[in-house]
Structure formats: structure tokens, C-alpha cells
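Q: Below you will find the structure I want to go over with you.
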Amino acid sequence: MLKEFGMDKCKSISTPFSTSCPLDHDVAGNSVDETKYRGLLGSLLYLTASRPDIMFVVCMCARFQSAPKESHFNAAKRILKYLQGIKEVGLWYPGNISLSLTSYSDLDFAGCKIDRKSTSGTCHLLGSSLISWQSKKQACVVLSTAEAEYIAAGSCCAQTLWPGKQLNEFGILLNNIPLLCDNTSAINLTKNPIMYSRTKHIEIRHHFLKEHISNGKCEIKFIGTDLQLADLFTKPLAKDRFNFLLNELGIININSPLQ
Amino acid sequence: MTGDLTKFTSLKLKAEGHVTYEDNNRGRILGRGAVGTGSSNTIENVLYVEGLRHSLLSISQLCDKGYKVNFKSNGCTISHDSSGKVLFTGKKVNNIYLLDILETDYENECLLSKSDEFWLWHRRLSHIHTNHLNKLKSKDLVSGLPNIKFQDNRLCYACVRGKQIRTSFKSKDMISTKKPLDVLHMDLFGPSRVASLAGNLYALVIVDDYSRFTWTLFLAYKNDAYKAFKKLAKILQNENGCCVKSIRSDHGGEFQNAKFERFCEKHGISHSFSATRTPQQNGVVERKNKSLEELARTMLNESKLPKYFWADTVYIVAYVLNRTLIRLILKKTPYELYKGRKPSVSHLRVFGSKCFVLNKDKDSLGKFDAKSDEGIHIGYALNGHAYRVLNKRLLNVEESMHVVFDELDNYMPKPVSDDLECDDLITVLHKNDMINTDANDSHVVKDPTVSADLPKEWKTPRDLTLDNVIGNIEKGVSTRNSLKNLCETMAFVSQEEPKNIDEPLRDRNWILAMQKEHNQFALNEVWSFVPRIPEMNIIGTKWIFRNKLDEHGVIAINKARLVAKGYNQEEGIDYDETYAPVARLEAVRLLLAFFCIKGFKLFQMDVKSSFLNGYINEEVFVSQPSGFEDHQHPDRVFKLKKVLYGLKQAPRQWYERLSDFLTLQGYDRGTSDKTLFIKRKEEDIILVQVYMDDIIFGSTNEELCETFVEIMKSEFEMSMMGELNYFLGLQVK
Numbered sequence: 001m002l003k004e005f006g007m008d009k010c011k012s013i014s015t016p017f018s019t020s021c022p023l024d025h026d027v028a029g030n031s032v033d034e035t036k037y038r039g040l041l042g043s044l045l046y047l048t049a050s051r052p053d054i055m056f057v058v059c060m061c062a063r064f065q066s067a068p069k070e071s072h073f074n075a076a077k078r079i080l081k082y083l084q085g086i087k088e089v090g091l092w093y094p095g096n097i098s099l100s101l102t103s104y105s106d107l108d109f110a111g112c113k114i115d116r117k118s119t120s121g122t123c124h125l126l127g128s129s130l131i132s133w134q135s136k137k138q139a140c141v142v143l144s145t146a147e148a149e150y151i152a153a154g155s156c157c158a159q160t161l162w163p164g165k166q167l168n169e170f171g172i173l174l175n176n177i178p179l180l181c182d183n184t185s186a187i188n189l190t191k192n193p194i195m196y197s198r199t200k201h202i203e204i205r206h207h208f209l210k211e212h213i214s215n216g217k218c219e220i221k222f223i224g225t226d227l228q229l230a231d232l233f234t235k236p237l238a239k240d241r242f243n244f245l246l247n248e249l250g251i252i253n254i255n256s257p258l259q
Numbered sequence: 001m002t003g004d005l006t007k008f009t010s011l012k013l014k015a016e017g018h019v020t021y022e023d024n025n026r027g028r029i030l031g032r033g034a035v036g037t038g039s040s041n042t043i044e045n046v047l048y049v050e051g052l053r054h055s056l057l058s059i060s061q062l063c064d065k066g067y068k069v070n071f072k073s074n075g076c077t078i079s080h081d082s083s084g085k086v087l088f089t090g091k092k093v094n095n096i097y098l099l100d101i102l103e104t105d106y107e108n109e110c111l112l113s114k115s116d117e118f119w120l121w122h123r124r125l126s127h128i129h130t131n132h133l134n135k136l137k138s139k140d141l142v143s144g145l146p147n148i149k150f151q152d153n154r155l156c157y158a159c160v161r162g163k164q165i166r167t168s169f170k171s172k173d174m175i176s177t178k179k180p181l182d183v184l185h186m187d188l189f190g191p192s193r194v195a196s197l198a199g200n201l202y203a204l205v206i207v208d209d210y211s212r213f214t215w216t217l218f219l220a221y222k223n224d225a226y227k228a229f230k231k232l233a234k235i236l237q238n239e240n241g242c243c244v245k246s247i248r249s250d251h252g253g254e255f256q257n258a259k260f261e262r263f264c265e266k267h268g269i270s271h272s273f274s275a276t277r278t279p280q281q282n283g284v285v286e287r288k289n290k291s292l293e294e295l296a297r298t299m300l301n302e303s304k305l306p307k308y309f310w311a312d313t314v315y316i317v318a319y320v321l322n323r324t325l326i327r328l329i330l331k332k333t334p335y336e337l338y339k340g341r342k343p344s345v346s347h348l349r350v351f352g353s354k355c356f357v358l359n360k361d362k363d364s365l366g367k368f369d370a371k372s373d374e375g376i377h378i379g380y381a382l383n384g385h386a387y388r389v390l391n392k393r394l395l396n397v398e399e400s401m402h403v404v405f406d407e408l409d410n411y412m413p414k415p416v417s418d419d420l421e422c423d424d425l426i427t428v429l430h431k432n433d434m435i436n437t438d439a440n441d442s443h444v445v446k447d448p449t450v451s452a453d454l455p456k457e458w459k460t461p462r463d464l465t466l467d468n469v470i471g472n473i474e475k476g477v478s479t480r481n482s483l484k485n486l487c488e489t490m491a492f493v494s495q496e497e498p499k500n501i502d503e504p505l506r507d508r509n510w511i512l513a514m515q516k517e518h519n520q521f522a523l524n525e526v527w528s529f530v531p532r533i534p535e536m537n538i539i540g541t542k543w544i545f546r547n548k549l550d551e552h553g554v555i556a557i558n559k560a561r562l563v564a565k566g567y568n569q570e571e572g573i574d575y576d577e578t579y580a581p582v583a584r585l586e587a588v589r590l591l592l593a594f595f596c597i598k599g600f601k602l603f604q605m606d607v608k609s610s611f612l613n614g615y616i617n618e619e620v621f622v623s624q625p626s627g628f629e630d631h632q633h634p635d636r637v638f639k640l641k642k643v644l645y646g647l648k649q650a651p652r653q654w655y656e657r658l659s660d661f662l663t664l665q666g667y668d669r670g671t672s673d674k675t676l677f678i679k680r681k682e683e684d685i686i687l688v689q690v691y692m693d694d695i696i697f698g699s700t701n702e703e704l705c706e707t708f709v710e711i712m713k714s715e716f717e718m719s720m721m722g723e724l725n726y727f728l729g730l731q732v733k
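Just so you know, the sequences run in chain order B and F. For the first sequence, the positions run 1 to 259 when my numbering is used. For the second sequence, the positions run 1 to 733 when my numbering is used.
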């Protein structure tokens, strides 16, 4: 793929996105060939099926397909440069560990500079194997981080139920699937069905989570921001943090000696 | 004489004098004319006298003119003295004989003229020709025909409408031009089915009227005719020192356009056209086309060279005809008439004959290397005294004077065979090619050795203009070394994915791939042959060529697949449901993670041409695949029994077939994921994940896996890929 876009000889770079300048519409920027940009994005989106590390940034770039400018194209090219550095990365599925399903949910509050919507990221681990991940801009604007986290956790919960059900068919019954969230107010929201003045506007559909927690399908738990693995899918990160998360998620170089 | 003007049938007014009556009154004569009822019953020289109240007829003058007047008691008759034919009869009233000239003589009335009678008989006898009618009558072959002479003095419109033929074109027995370039005849023939080496499809033939000297120009497109003509006209005018005066062509768009008009206007050339749909008026060049094509065809077929040499042969024929034809009337060759000197034919050689070209310092030769290359003679140099030779070693066309010919080598009458039975597909294809290109001589079997020697790509000498470069310049230079590298890897699989059907038909690997696919069809009983009915919605088919890569990205197989053009299908007629479930990638990953944790092995397998296994519910007809047409029944179509790739219902039908089969075998379909099939046996479990034709399965017990493989193999044609390593383009280790 690098070859196709003339990037096979580029220098490599350690992270796929820059932390300093987030993308916006860039109305003033120079336009680039839409077809080429979309072609590149299409290839990258396919790649996200096996490369969760670029999930966030590819989704980010994909939002600008209608009128791509040079800055967007540069961001996309940066992904290619990153890929050049670590081509040999794969998901590591270790054997012989406990069979448990864990979900992480996180968000970047008002991360989108254009319409101030939040980005939620979720991932699900079976044992320590990453099986499913998601990076999604939320559909509505929220007023507080608690609310956003609550929504993110809701969609995460919905995602969690499916592998739970699937595993059930494999013959393993899992209840109280831990859903790890780094916002205590959001957790409290799920536990106490009280209408606070600041939360009463939350739409009914987001209370989906509440029900599943009350009937014991899953269980919401607090996790420190440092250990929040879904961070990877919500915001641009610095190199150290990025690498740490990759390691934790089992995204490792398949050619390196087993860790 | 009379005073009644109405009695005259013709009258010439002229004052001539007077008549004196018996009472000495005088009447003035105003004119003279004829009185009567018809041409036979007229009295001429009747005087028109002013004021005369009775008409008087002079007996003496009648008698002078040769009539006989016979007076009887009740009347009188006027008759011809010689024949005795009665012209008028008069009555005696009150002692005066009265003659009523205008009283019609019924006995003599002509109801039908002889001329009318002829036309009647012409029509009665179904419009037969006048001469024929005359013959019937004169030889007395039929009875009942009236005794008249049939004269063709009038046009019978019905005859014209029914029998009109083209005007015949008489050949000229004189020369209407005085010197070369007075009139040039032009015409275009083509497109040829095969492009010539230079990529040309048309030939523009220009013939000089006076000398019949012929120029042939080869064009890739019709609209190049103007450019080619302009170039030639300039050269000819320069060469001869005189101008082209007139050109003649048909109404073809390549001649009748604004560019041509402007050019003719600028150079004072009159451009005359033959009448529409009358190529006879452009006969000079049309006849020349015939000669060129016939002779070129003869040469090409005798030499058994590929058809793309047609332009070379046409050029040679024109070259030879210019030197050998005898101009009628002038009794000289066109060459002599045009150039003014006798042509020489001593340098002509047989087209397509084997020859040897001296290898002069083209590449460094070793001391004991062969000095010449073998070649094929394909013509004479356009400009200069040399032969054009196809060098078999270098695979290019070169012009050289240092050539030794073996003209007798090629001339061996080959046995003629029209045996069309072939077991090898390639030979069939070769033959089809032949039958397509020249339907008339399908019984001449192409000698494969000649064409097999010939290259598919061409190199060109460096010092030629861009126009003459054969092949794609953008490809860059391919050296023999690089070609060799390519060839080494190309030995077993074809590296390129062909875009159309013609390319793979030349490549053995692709033909094998296509044959394999075709065999699959027969094996799966995909279709049945049915005659075409106009109401059918026929769906076209197309070959798709793909190179399948292995996990290292190296081409492993050439895969040819026949697909139906599903976009022509109509909903409700050709298909109804199209949805088919596929596994989510998450599900695949979950399965992987699960088995990793449990520590069991996963296997994958692949169903060969899986979609061909799905049964079709609707009646769908497809056309015959190109390259595999049945020549006996070209108008038949296939009625599908099973699904073809590209049909809208293909994935669904396959999924249904597989899921039906697996449920029958005691597998449960997953409740949330419909592509997951599970079978439990006591403590063990087998999980089968289906992603269309790729199947991943794993079990806690190896036995279960083995039985699964067996039942699958019994039902479908499978290719067992073994342990899971490469799935949906994802590499798994």
C-alpha cells in the first residue's frame, strides 16, 4: 500500500498523529485530489481491521473526505509514515490465561474542533487479547464530561453484550462483565437513578446502560486514567503513552522475541 | 366558301380579294381554311367570306381535286374518284342539295385508335416488351392479336416503376487526361480486422488517372486521410513540378469535409465526387482496390504469415502493379508513364520467403559467430533501394541491401486438411481465430511453426521517426537481459492480469485457468443448453482474471472466473432476495482469541467455486462465454441451474445451500451470529465460522474436525488449506 501512494521510501515516524495541531475544516488550505485522498483513506480503513493503533487517526481523517485539504492529506501521509516504521505489528493472542471479558470505555470531551462533539473510544479484551475496538464521534453534543462518559459507556455496553452472547454459545457463561470507566460521576449516574438537575436532560436511549447493569449483565467499575486502555481510540497521544498502551493491548511486533 | 366562322377546323386569316355574287354585290374574302370533322373528312381551301349567309360548295373545284360527286333524286354523295370511298353524303331538300359537314359520320367514327390498341395489348400481356409483341405477331405464333404494328412511342410509367434498372457504365475507350496528376482517384478500404504492425487499420488508395500509378497510404483512423493526402500531394507536386488539378472520390466523410474543401480551395484543386451510391463512377480506384486486396490476400495466405502483415503485402502489390500493369490504349506500364523510364523488376523477390541478412556491426560479433541472421522478406524500402526484412533473431523489421534469399524454401504445397476435430483447446482457439478472420478459406490450416516463431512484441531501430515506431513507446526499453529475468519467473504462472479476453487467449497459463473454470461448470452441472427465445432476458457473461497471492505477496495461481453481468438483472424476474449474512471481523477475532486461550488449533478450508453450488430458484439465462462459444449453435443460451458469480442472488443462494446442509448434519446455527455453526458432542464442541466460501473451524476434539472435513468433502469440492494462516487478507500466525 505504501508503494501505491508513492510513500515506500519515506522516513518512519513513531506515532501516527501529531499532538500539537488537531484537524479542522481548513477552509483556507489548498485542495487536494479527492479521489486519491479517498483511495488512501479506504485502504487505511481496511487496515484498521488488523491495526487498532491507527484506528483513531484514520477515523479522524475520514471525517474530511468531502473537501480534503492539504493539511488532511498531510495527516494521512503521516499515518503512512508511521506504518513504514512498524510494518510488522500484529495482535498478540496469548494462550492459557483466564477467560474473562473486559470492556474499556473512554472519551475525549468536545474533542472535535468543528462541532464540539465528543469522541468515544471503546475496546473489549478477552483475557488479554484485544478482540474489538471502536472509535466514534458521538452523535450529540453533551454538556458535561460525565454525560459524555455515560454515553460512551452505554455504547460500550451494547458492544459488550454481543461477545458475551457469542461466548455463551461457545459454552461459557459470563455475567457481570466489567466495564471500566474513568469517570466516577458517570459511574454514579448508573448506580443511582436520580434525576439531578444537571443530568435530567439525558436522552432515554442512553439509559440503556443502566438497565443492563441493574440486571447483572455487566458491571461498571472505576479505572484510573493511566490504565484506561481505550484512551488510544479517543485522542492523539504522546510517544511514551502511545507505546505503553500498545503494549497493554497486545499490539506488538510479531517478529520480536516473545515478551 | 362560307360566312360561318364556327365551321372551320383551321383557318388562316388573310385578305385575298373579293367574290362577286350574281347581283353584282361583292363579298370580301377574309381568310382560307379547312372545314370538316376529322383529318380524313375535311374540305380544304374553303374561303371565309364576310357576310355570306349560306355556305356554298363548288362542285367544279371538288372534281378538280379528284373527288366524284354523284347526284341522285334523294341526295348526293361525294367520294374519292380513285378508291370510291364515300366521304360525305348530302340530302335533297326543296331542290337544293344540302351537305351537313358537321353531322358525324357514324360508320366511320374511330372509337379506338391503333395506338391505343397497342397499349391495351401491352397491358393485357402483362407489360411485355414491344419487340416481343412484334415478334409474336410477325412470326404468327399466337392467334387473336390484332394486325397492327406495335410501336413504342410512349413511356409506360408502370413499366418504368416496375422494371427500371441501373444505367450501364460504359468503359471509356479514350484517355481523358493528358499527363500525370491531372486527375487523382481516391478511395479508402478497411477497417481490417487485424491492425498492421504499425497499428493501422485502413488503407488509402490513390490512383493517377493518366498513368494509373498507385500510391497506398496506411491509416490508423479514417480521419487521418486528409493529413496523409496533404503530405502526399505536396511530395507529388514537388516531384513532378506540376500541380494536382483534380481529385475524385466518393462522398465518404473522410473526403467530404471542411479540411479537404479548404485544401482544394487553397491549391486550386477541383474535387469531384461520384454520385451517391454509385461507386461505379469511382471505378478506377474501386477496381484497383479489388486487385490490391486480391493479390495481397493471395500472397498472405501463400506465405502463411500472420494477418498483421496485410499492410506490407498491400504495399508490395501496389509496388509491383505500378511496375507491371499495362495501361490500356497507351500500352505502357504506369511506372513508365509516370516517371518516364522503363521499370526494372529484377530486384523483386517472393514475399514471405526465407532470407538471411548480413549482420553488419550491429552488435559486436565474435570471430566465429554466424555472420547473418535469419529473416523473412516482407517488402521493399519506402525510400531507397533496399529490402525490408523481419529479423527473426532481433525481432525487428530492418531495411538492408545485404540479403540473400531462398525463395524456393517456402514454396512447398502443404497438404490440405479440413479436419476440425481437436483435443487441445489451444488448437481450437487457433482455428477459431482463423475461421473468424477469413471465412472463405477455413480449410487451409495455418502452419503453427511459422507464427509461433514470430514475436509478440516488437523492437524498432533507433533512427526512425516517431510515426513509424511500432508498439508502445512508454513501455521503455526492454533489454534481452531484463526479458530473460522476467521469463524465468514467468515459467509457471502468468504475472500480468489481463484486462480483456484477447490477451489471455494468447497465454497458455490463462487458457489453462479458463479451462479449469469451465470444467468446474461441467462438474457442478451449472447450466443447460437451451435455444434462444426473444422474450428471455439474457444476461451477458464476462471473464475476470485475477492473480491470487500467497502470504508473501507472490503470485501463486492464475485464476480465471466467469461472471455474469448481474447489473442487467431485473428485480422480481431474475432475483428477489439478495441478502446474505457474513461473519463480522470481531466474531473472527473472538473465535481466534477463544481458541488461543483454550489452546486449540484452528483450521481453514475453502470451497472451490462455492457460488456454483448454490441452486437457483429463478429462471435466469446467460449468454455463452467468450472463447468457449459453440460454433454449431451460436444462437443458443445457457439456462442456469446453479448460481453464477456476479448474479445478485449468488451469495444468498450459497449461504442457504451451506446452512441447509450443515443443519441437516446436526449443526446448530448461532443465535446471534448466523454465520457460526456449532455442534456439541458430550463435552466436546466444534465451532465453524463461515465467511462466504472461506470456512474456519476448530474443535476441542480432533475427531470432530476430521468428520467435519469428511462431510464437507462429500458434499462440495473443497480445497483443504490446513491450519489457519491467512484469512481474508489478514495474516495469522
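Beta carbons are placed, not taken as given, at the ideal position from N, Cα and C, and that holds for glycine. All of these numbers come straight from a predicted model, not from anything done at the bench.
Using a Cβ-Cβ cutoff of 7 angstroms, what residues of the region 580-613 of chain F are near chain B? List them in chain order.
A: Leu585, Glu586, Ala587, Arg589, Leu590, Leu592, Ala593, Phe594, Cys596, Ile597 and Gly599
Q: Given this structure, state the Cα-to-Cα distance separating Lys234 (chain F) from Pro180 (chain F), to the nearest angstrom.
A: In the second sequence, counting from the first residue as 1, residue 234 (chain F) sits at position 234. In the second sequence, counting from the first residue as 1, residue 180 (chain F) sits at position 180. About 15 angstroms.
Q: Tell me the rounded alpha-carbon separation between Thr541 (chain F) and Val622 (chain F).
A: Locating residue 541 (chain F) in the second sequence gives position 541, counting from the first residue. Locating residue 622 (chain F) in the second sequence gives position 622, counting from the first residue. Taking the straight line from one Cα to the other gives about 7 angstroms.
Q: Along the chain, which unbroken stretches of the alpha helix (DSSP H) at least 4 residues long are found entirely within the region 657-717 of chain F?
A: 702-715
Q: Can you tell me whether Ser737 (chain F) is buried or exposed? The criterion is at least 16 other CB atoms within 10 Å of its CB, across all chains shown.
A: Residue 737 (chain F) falls outside the range modelled here, since chain F spans only 1 to 733, and no answer is possible.
Q: In the DSSP assignment, find the beta strand (DSSP E) that holds Ser132 (chain B) and state where it starts and stops.
A: Mapped onto the first sequence, residue 132 (chain B) falls at position 132. Counting along the chain, the beta strand (DSSP E) containing Ser132 (chain B) begins and ends at Ser129 to Lys137.
Q: State the DSSP-derived secondary structure class of Trp92 (chain B), mapped to helix, strand or coil.
A: Walking along the first sequence from the start, residue 92 (chain B) turns up at place 92. Here Trp92 (chain B) carries a coil assignment [DSSP, helix/strand/coil].
Q: What are the boundary residues of the beta strand (DSSP E) that Leu246 (chain B) is part of?
A: Your numbering for residue 246 (chain B) matches position 246 in the first sequence. First-last for Leu246 (chain B): Lys239 to Leu249, but that is the alpha helix (DSSP H), not the beta strand (DSSP E).
Q: Is there a Cβ of chain F sitting closer than 9 angstroms to that of Glu169 (chain B), yes or no?
A: For the purposes of this step, residue 169 (chain B) is taken as the residue at position 169 of the first sequence. It does; some Cβ of chain F falls within 9 angstroms.
Q: Could you tell me whether the Cβ of Leu180 (chain B) comes closer than 9 angstroms to any Cβ of chain F?
A: Start at 1 with the first residue of the first sequence, and residue 180 (chain B) comes out as number 180. For Leu180 (chain B), the answer is no, since every Cβ of chain F falls outside 9 angstroms of its Cβ.
Q: Using a beta-carbon distance below 9 angstroms, is Gln166 (chain B) in contact with chain F?
A: For the purposes of this step, residue 166 (chain B) is taken as the residue at position 166 of the first sequence. Closer than 9 angstroms: yes.
Q: Under DSSP, the alpha helix (DSSP H) around Met605 (chain F) begins and ends at which residues?
A: Working through the second sequence from its first residue, we reach residue 605 (chain F) at position 605. Segment Leu602 to Val607 is the beta strand (DSSP E) holding Met605 (chain F); no alpha helix (DSSP H) there.
Q: Ignore the nearest five residues each way along the sequence and tell me which others in Gly121 (chain B)'s own chain have a CB closer than 6 angstroms to its CB.
A: Along the first sequence, read from residue 1 onward, the residue named residue 121 (chain B) stands at position 121. Asp106, Ser135, Ala230, Phe233 and Thr234.
Q: Could you check whether the Cβ of His377 (chain F) sits closer than 8 angstroms to any heavy atom belonging to the ligand ZN?
A: The model depicted lacks the ligand ZN and carries no ligand whatsoever.
Q: Looking at the unbroken beta strand (DSSP E) that takes in Met186 (chain F), where does it start and where does it end?
A: Within the second sequence, numbered from 1, the residue matching residue 186 (chain F) stands at position 186. Element bounds for Met186 (chain F): Val183 to Phe189.
Q: State the DSSP-derived secondary structure class of Leu330 (chain F), mapped to helix, strand or coil.
A: Reading the second sequence from its first residue, position 330 is the one you call residue 330 (chain F). It is coil, neither helix nor strand.
Q: Anything in chain F within Cβ reach of Leu79 (chain B), meaning under 9 angstroms, just list it in chain order.
A: Walking along the first sequence from the start, residue 79 (chain B) turns up at place 79. According to the sequence provided, residue 79 (chain B) is Ile. The question's Leu does not apply to it. Simply none; closest approach about 19 angstroms.
Q: In the region 664-687 of chain F, which residues sit with their C-beta less than 8 angstroms from some C-beta in chain B, listed in chain order?
A: Gly670, Thr671, Ser672, Asp673, Leu676, Ile678, Arg680, Ile685 and Leu687
Q: I want to verify the contact list: residues of chain F whose CB lies under 8 angstroms from the CB of Leu126 (chain B), in sequence order.
A: If you number the first sequence from 1, residue 126 (chain B) lands on position 126. Those are Leu590, Ala593, Phe594 and Ile597, listed as they occur along chain F.
Q: Apply the 10 Å Cβ neighbour rule to Ser132 (chain B) and answer buried if 16 or more other Cβ atoms are within range, or exposed otherwise.
A: Sequence index remark: in the first sequence, residue 132 (chain B) carries index 132 (1-based). Buried, because 16 or more other Cβ atoms sit within 10 Å of the Cβ of Ser132 (chain B).
Q: Within 9 angstroms of any Cβ in chain F, is that where the Cβ of Tyr104 (chain B) sits?
A: Indexing the first sequence from 1 puts residue 104 (chain B) at position 104. No, Tyr104 (chain B) does not count as interfacial toward chain F.
Q: Count the other CB atoms, across all protein chains shown, that sit within 10 Å of the CB of Leu87 (chain F); report buried if there are 16 or more and exposed otherwise.
A: Numbered from its first residue, the second sequence carries residue 87 (chain F) at position 87. Buried: at least 16 other Cβ atoms inside 10 Å.
Q: Beta-carbon within less than 8 angstroms of Gly384 (chain F)'s beta-carbon, same chain only, minus the 5 sequence neighbours each way: which residues are those?
A: Counted from its first residue, the second sequence places residue 384 (chain F) at position 384. Beyond the five residues adjoining it in sequence on each side, Gly384 (chain F) comes within less than 8 angstroms, by CB distance, of Glu399 in the same chain, given in chain order.
Q: So is Ala49 (chain B) in contact with chain F if we call contact Cβ pairs under 9 angstroms?
A: Walking along the first sequence from the start, residue 49 (chain B) turns up at place 49. Interface residue, yes.
Q: Below 6 angstroms CB to CB, which residues in the same chain sit around Leu591 (chain F) once its five sequence neighbours on both sides are set aside?
A: In the second sequence, residue 591 (chain F) corresponds to position 591, counting from 1. Around Leu591 (chain F): Gln689.
Q: Beta carbons nearer than 7 angstroms to chain D: which residues of the region 128-150 of chain B have them?
A: Checking the listed chains, one finds no chain D in this structure; the protein chains it contains are B and F.
Q: So what does DSSP say about Leu40 (chain B), is it helix, strand or coil?
A: For the purposes of this step, residue 40 (chain B) is identified with residue 40 of the first sequence, where counting begins at 1. Residue state, collapsed to three classes: helix.
Q: From Val403 (chain F) to Arg508 (chain F), what distance separates their C-alpha atoms?
A: Within the second sequence, the letter at position 403 stands for residue 403 (chain F). Within the second sequence, the letter at position 508 stands for residue 508 (chain F). Straight-line Cα distance between these residues: approximately 35 angstroms.
Q: Just to check my reading of the structure: Ser714 (chain F) and Lys165 (chain B) have Cβ atoms closer than 8 angstroms, yes? What is that Cβ distance to the nearest angstrom?
A: Here residue 714 (chain F) is taken as the residue at index 714 of the second sequence, counted from 1. Here residue 165 (chain B) is taken as the residue at index 165 of the first sequence, counted from 1. Not confirmed; about 32 angstroms, so no contact.
Q: Mind checking if Leu229 (chain B) is an interface residue toward chain F, Cβ cutoff 9 angstroms exclusive?
A: Residue 229 (chain B) sits at position 229 when you count from the first residue of the first sequence. No, Leu229 (chain B) lies away from the interface with chain F (no Cβ there is under 9 angstroms from its Cβ).
Q: Which first and last residues belong to the beta strand (DSSP E) in which Lys92 (chain F) is found?
A: Mapped onto the second sequence, residue 92 (chain F) falls at position 92. Val86 to Val93 is the span of the beta strand (DSSP E), which, as asked, contains Lys92 (chain F).
Q: On the DSSP letters alone, give me the boundaries of the alpha helix (DSSP H) that Ala587 (chain F) sits inside.
A: The residue given as residue 587 (chain F) occupies position 587 in the second sequence. First-last of the alpha helix (DSSP H) with Ala587 (chain F): Leu585 to Lys598.
Q: Locate the beta strand (DSSP E) running through Ser138 (chain F), then write down its first and last residues.
A: Here residue 138 (chain F) corresponds to residue number 138 of the second sequence, with the count starting at 1. Under the DSSP assignment, Ser138 (chain F) falls outside any beta strand (DSSP E), being part of the alpha helix (DSSP H) whose first and last residues are Thr130 to Ser138.
Q: Grab me the residues of Ser719 (chain F)'s own chain with a C-beta within less than 6 angstroms of its C-beta, minus the 5 sequence neighbours each way, in chain order.
A: For this step, residue 719 (chain F) is matched to residue 719 along the second sequence. So the qualifying residues of the chain are Asp606 and Lys608.
Q: What number of angstroms, rounded off, separates the C-alpha of Gln61 (chain F) from the C-alpha of Arg32 (chain F)?
A: As a working note, residue 61 (chain F) is residue 61 in the second sequence. As a working note, residue 32 (chain F) is residue 32 in the second sequence. Answer to the nearest angstrom: the Cα atoms are 15 angstroms apart.
Q: Measure the CB-CB distance between Ala158 (chain F) and His127 (chain F) and report whether it falls below 9 angstroms.
A: Locating residue 158 (chain F) in the second sequence gives position 158, counting from the first residue. Locating residue 127 (chain F) in the second sequence gives position 127, counting from the first residue. At a Cβ-Cβ threshold of 9 angstroms, Ala158 (chain F) and His127 (chain F) count as neighbours.
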